[in-house]
Structure formats: structure tokens, C-alpha cells
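A.B. asks: Take the sequence shown: its letters are residues 441 to 753, numbered as in our numbering.
Glycine included, C-beta positions come from ideal geometry on N, C-alpha and C.
Once you've had a glance at the structure underneath, I'll fire off some questions.
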Amino acid sequence: MAAEKIAQIHAYNGLYSAPFTAFKENGELNPDVIPTYVDHLVRLGVKAAFVNGTTGEGVSMTVEERKTVAEGWVKAGKNKLDVIIIQVGANSIKDARELAAHAEKIGATGIASLPPIFYKPQTNDHLIAYFKSLSEAAPSLPIILYHIPSYASVEINLAEFMPRVREQVPNFCGAKFTSTDVRDLLACHNLPGKPFKVLSGFDEVLLPCLSCGVTSAVGATYNFMGPLGLKIMEAFRKGDIEGARKIQNQVLEAVLTLTKHGQGIACFKAVMNILGPINVGPPRVPLVPLSPEALLKLKEDLKKLKPEEWSKM
Numbered sequence: 441m442a443a444e445k446i447a448q449i450h451a452y453n454g455l456y457s458a459p460f461t462a463f464k465e466n467g468e469l470n471p472d473v474i475p476t477y478v479d480h481l482v483r484l485g486v487k488a489a490f491v492n493g494t495t496g497e498g499v500s501m502t503v504e505e506r507k508t509v510a511e512g513w514v515k516a517g518k519n520k521l522d523v524i525i526i527q528v529g530a531n532s533i534k535d536a537r538e539l540a541a542h543a544e545k546i547g548a549t550g551i552a553s554l555p556p557i558f559y560k561p562q563t564n565d566h567l568i569a570y571f572k573s574l575s576e577a578a579p580s581l582p583i584i585l586y587h588i589p590s591y592a593s594v595e596i597n598l599a600e601f602m603p604r605v606r607e608q609v610p611n612f613c614g615a616k617f618t619s620t621d622v623r624d625l626l627a628c629h630n631l632p633g634k635p636f637k638v639l640s641g642f643d644e645v646l647l648p649c650l651s652c653g654v655t656s657a658v659g660a661t662y663n664f665m666g667p668l669g670l671k672i673m674e675a676f677r678k679g680d681i682e683g684a685r686k687i688q689n690q691v692l693e694a695v696l697t698l699t700k701h702g703q704g705i706a707c708f709k710a711v712m713n714i715l716g717p718i719n720v721g722p723p724r725v726p727l728v729p730l731s732p733e734a735l736l737k738l739k740e741d742l743k744k745l746k747p748e749e750w751s752k753m
């Protein structure tokens with residue numbers, strides 16, 4: 441089973457949404473929006489989801505809430521999305537194992553995990569032990585590392601780590617690479633033996649990551665500007681580097697413009713709510729919504745960016 445799903449993850453060469461978790465104004469989950477959310481992504485050409493990650497505020501939810509969200513995406517995405525990866529990382533290995541086993545039970549394509557972010561793994565061996573335990577809880581699922589040192593503060597060399605972990609965890613198959621260490625990313629695609637699937641995690645540098653060998657990407661902006669990412673990938677594959685660069689600069693401008701008004705997830709949630717068709721509500725504390733003044737300025741800047749052009753295929 442794991443081999444089939446690993447092949448499925450390798451075969452998908454498109455974009456993954458990093459979906460926002462919808463909260464009501466009182467802070468409770470609003471999973472009812474997920475079916476509409478899936479249909480919206482499909483219309484944008486985004487046929488995969490990376491659930492309960494940073495954009496989804498996974499670490500701000502309880503285990504039961506994370507299960508509810510995972511179930512919603514797997515159920516709504518059946519026969520519509522090509523890949524659904526559930527992020528199961530937690531500071532407690534028991535929580536992470538419970539979430540991994542649950543993802544396997546509900547039929548997710550695979551799981552990803554942040555490293556523990558309080559008692560941080562000090563060596564590759566420590567992190568390998570963590571992934572080995574996760575694998576034992578969900579032996580039929582592919583596992584990837586969610587590598588995001590800017591948030592997790594766990595610094596590893598991915599090109600060194602991945603071959604070592606696969607020696608002990610046969611269903612380990614890659615990483616979500618949310619880092620700026622391009623040398624490491626390039627090295628990941630020059631390893632001997634069976635290749636790993638490395639997903640780009642920074643929307644504004646998709647093009648450089650493609651040049652290093654990346655074939656898929658996960659991002660928050662793909663929730664509302666997925667077609668721009670797809671056009672970057674298409675232009676790159678055709679050899680139109682100048683065209684790809686032009687669109688990449690458009691994405692970069694949008695990210696820099698929109699996130700100057702507050703914390704990034706709060707800004708992107710506000711954009712999603714403005715553009716529709718889904719209202720994903722506010723972020724959960726400790727993140728806070730934009731102030732009325734910041735929201736007004738964001739709306740003004742958003743209009744200047746001509747978002748009606750983003751969704752054109």
C-alpha cells in the first residue's frame with residue numbers, strides 16, 4: 441500500500457493548496473466550508489492539499505479538531521483531488537502517532553510532520569527516531585518531513601538526512617522544503633538511488649526551486665492565485681524562462697504588498713475572505729485578525745493588484 445501511495449505522490453506534478461482552517465467568529469471550527477473549498481481549488485486547477493500545516497494553523501488546534509479537519513478534506517476531496525497529505529507533527533509523540541494512525545484510517549494519501557518544536561531533535565538520529573515511531577503508527581502511508589527551519593528552528597541538511605532516514609523508515613519519501621538554502625535543495629535532486637519527492641514551500645520563489653529539480657509546490661497563495669503558479673510551471677517546462685520570471689515577479693509583488701499589513705496568515709485569510717467564495721473566518725489566537733485600519737489598506741492594495749486576473753487559467 442505504501443509503495444502505491446508513494447508512486448501517487450511522485451506522479452503528481454502540480455500545485456498543492458495549503459488550505460486555511462476555517463474558524464467561526466467565536467473561534468470554533470467551521471468544517472462545513474470544506475466541500476465548497478475543494479470545488480474552488482479544482483476550478484483553479486489546484487488538485488492537491490497539504491492539510492493542517494502552517495497556513496492551516498495545525499499547531500493551534502487540538503488533536504480532535506485536527507482529526508475533524510483531516511476527515512473533512514479526505515471526504516470532500518475523494519475523486520476530486522489527486523493527493524491529500526495530512527500534517528501530523530506535534531510536540532507529543534503520542535499525539536503525532538494518534539494523528540498518523542487516524543490519517544491512515546480515513547484514507548489520506550500520505551502524512552507529513554514537523555519536527556517537535558519545543559524539545560527539538562539535536563541530531564539526525566533523534567529526528568530519525570521520531571519518524572521511525574510515526575511510521576510504526578501508520579505503516580501503509582508515505583511520510584515526508586515538513587522542513588521549515590524559520591518556524592521550527594530545527595536546522596538540518598536535508599540532502600544528508602533523507603537517505604539516512606529512509607534506511608530505517610522505508611515509507612519515508614521526501615520533504616516539504618520551506619527553506620532558502622538553495623544549495624541543499626539542489627543537492628536533494630542529485631542524490632544517488634531512488635529519488636525523493638521534494639515539494640517547494642515558498643510561493644514567491646517557485647521558479648528558482650523548479651530550476652533545482654522541484655516538480656510540485658505547496659503554498660498559501662495557491663488558494664486564490666493558483667493559476668499564476670501553474671503558469672510559472674508551464675512556462676518553465678516550455679523553456680520560457682523570461683515569461684516564467686515575469687509571472688514569478690507578479691506573485692512576489694503580491695506577497696510583499698499584502699503581507700505588509702500584518703501577520704502573513706492573517707493577511708492571506710483576509711484576502712481569501714474578500715475574494716471568496718469561501719469565508720475562512722479569522723485566525724486563531726495567538727494570531728489575531730487585521731485591525732479595521734489595516735484591513736481597509738489591504739483592500740485598497742488588493743484592488744491595485746487586479747486580483748480578477750489571478751484566477752484566469
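What are the start and end residues of each continuous alpha helix (DSSP H) run of 4 or more residues lying completely inside the region 704-751, in chain order?
C.D. replies: Listed in chain order, they are 704-715, 732-744.
A.B. asks: According to the neighbour-count rule (16 or more other Cβ atoms, all chains shown, within 10 Å of its Cβ), is Glu-595 buried or exposed?
C.D. replies: The residue you call residue 595 lines up with position 155 of the sequence shown. With fewer than 16 Cβ atoms within 10 Å of its Cβ, Glu-595 is classed as exposed.
A.B. asks: Check this for me: beta carbons of Val-523 and Ala-552, under 8 Å apart or not?
C.D. replies: Working through the sequence shown from its first residue, we reach residue 523 at position 83. Working through the sequence shown from its first residue, we reach residue 552 at position 112. No; because the gap between Cβ atoms is not below 8 Å, this pair is not in contact.
A.B. asks: Which stretch, first to last residue, makes up the beta strand (DSSP E) that contains Ile-525?
C.D. replies: Translated into the one-based positions of the sequence shown, residue 525 becomes position 85. Counting along the chain, the beta strand (DSSP E) containing Ile-525 begins and ends at 523-527.
A.B. asks: Are the CB atoms of Met-602 and Ala-615 within a distance shorter than 8 Å?
C.D. replies: One-based indexing of the sequence shown puts residue 615 at position 175. One-based indexing of the sequence shown puts residue 602 at position 162. Against a cut-off of 8 Å, the Cβ pair of Met-602 and Ala-615 comes out as a contact.
A.B. asks: Alpha helix (DSSP H) containing Ile-533: first to last residue?
C.D. replies: Working through the sequence shown from its first residue, we reach residue 533 at position 93. From DSSP, the alpha helix (DSSP H) with Ile-533 extends over 533-546.
A.B. asks: For Ile-401, which option in Gly-653, Leu-581, Lys-534 has the closest C-alpha, if you only look at C-alpha atoms?
C.D. replies: The requested residue 401 does not occur in the structure, where the chain is confined to residues 441 to 753.
A.B. asks: Roughly how many whole angstroms lie between the Cα atoms of Glu-600 and Asn-630?
C.D. replies: Mapped onto the sequence shown, residue 600 falls at position 160. Mapped onto the sequence shown, residue 630 falls at position 190. About 11 Å.
A.B. asks: Can you give me the start and stop residues for the beta strand (DSSP E) that Leu-587 sits inside?
C.D. replies: By one-based count along the sequence shown, residue 587 stands at place 147. One point to set straight first is that residue 587 is His, not Leu, in the sequence displayed. Residues 583-587.
A.B. asks: Could you name the residues that DSSP lists as bridge partners for Leu-469?
C.D. replies: Numbered from 1 along the sequence shown, position 29 holds the residue referred to as residue 469. Phe-463, per the DSSP bridge assignment.
A.B. asks: What separation, rounded to the nearest whole angstrom, lies between the Cα atoms of Val-658 and Val-473?
C.D. replies: Indexing the sequence shown from 1 puts residue 658 at position 218. Indexing the sequence shown from 1 puts residue 473 at position 33. Their backbone Cα atoms lie some 21 Å apart in a straight line.
A.B. asks: Inspect the CB distances between the region 649-657 and the region 608-626 and report whether three or more fall short of 8 Å.
C.D. replies: Yes, the region 649-657 is in contact with the region 608-626.
A.B. asks: Among Pro-722, Val-528, Glu-749, Leu-736, which residue has its Cα nearest to the Cα of Asn-470?
C.D. replies: In the sequence shown, residue 470 corresponds to position 30, counting from 1. Nearest option by C-alpha distance: Pro-722.
A.B. asks: Quick one, which of Asp-680, Leu-585, Phe-664, Leu-696 has its alpha-carbon nearest Ser-640's?
C.D. replies: Position 200 of the sequence shown, counted from the first residue, corresponds to residue 640. The residue with the shortest Cα to Cα distance from Ser-640 is Leu-585.
A.B. asks: Which complete beta strand (DSSP E) runs does the region 650-695 hold, if anything under 3 residues is left out?
C.D. replies: Entirely contained in the region 650-695, the beta strand (DSSP E) runs reaching 3 residues are, in chain order, 656-659.
A.B. asks: Between the alpha carbons of Tyr-698 and Pro-747, how many angstroms are there, rounded?
C.D. replies: Locating residue 698 in the sequence shown gives position 258, counting from the first residue. Locating residue 747 in the sequence shown gives position 307, counting from the first residue. The sequence given here has Leu at residue 698, not Tyr. Answer to the nearest angstrom: the Cα atoms are 12 Å apart.
A.B. asks: When you compare the region 509-516 with the region 699-708, are there three or more beta-carbon pairs, one atom per stretch, that lie closer than 8 Å?
C.D. replies: Verdict: no, contact absent.
A.B. asks: For Ala-442, does the three-state DSSP call read helix, strand or coil?
C.D. replies: Translated into the one-based positions of the sequence shown, residue 442 becomes position 2. DSSP places Ala-442 in helix when its eight states are reduced to three.
A.B. asks: Give me the Cα-Cα distance between Thr-502 and Gly-683, rounded to the nearest whole angstrom.
C.D. replies: Within the sequence shown, the letter at position 62 stands for residue 502. Within the sequence shown, the letter at position 243 stands for residue 683. The straight-line gap from Cα to Cα measures roughly 44 Å.
A.B. asks: Beta-carbon within less than 8 Å of Val-691's beta-carbon, same chain only, minus the 5 sequence neighbours each way: which residues are those?
C.D. replies: The residue labelled residue 691 in the question sits at position 251 within the sequence shown. Asp-643, Glu-644, Leu-646, Thr-661, Met-665, Leu-668, Gly-669, Ile-672.
A.B. asks: Helix, strand or coil: how does DSSP classify Ser-553 here?
C.D. replies: Residue mapping note: residue 553 aligns to position 113 of the sequence shown, counting from 1. Ser-553 falls in the strand class under three-state DSSP.
A.B. asks: Are the Cβ atoms of Phe-460 and Thr-495 separated by less than 8 Å?
C.D. replies: Taking the first residue of the sequence shown as 1, we reach residue 460 at position 20. Taking the first residue of the sequence shown as 1, we reach residue 495 at position 55. Yes, the pair counts as a contact, with Cβ atoms nearer than the cut-off.
A.B. asks: Is the separation between the beta-carbon of Ala-510 and that of Ile-546 shorter than 8 Å?
C.D. replies: Here residue 510 refers to the residue found at position 70 of the sequence shown. Here residue 546 refers to the residue found at position 106 of the sequence shown. In contact: Ala-510 and Ile-546 (Cβ atoms closer than 8 Å).
A.B. asks: For Leu-738 and Val-728, what's the separation of their Cα atoms in angstroms?
C.D. replies: Taking the sequence shown and counting its residues from 1, one reaches residue 738 at position 298. Taking the sequence shown and counting its residues from 1, one reaches residue 728 at position 288. Straight-line Cα distance between these residues: approximately 15 Å.
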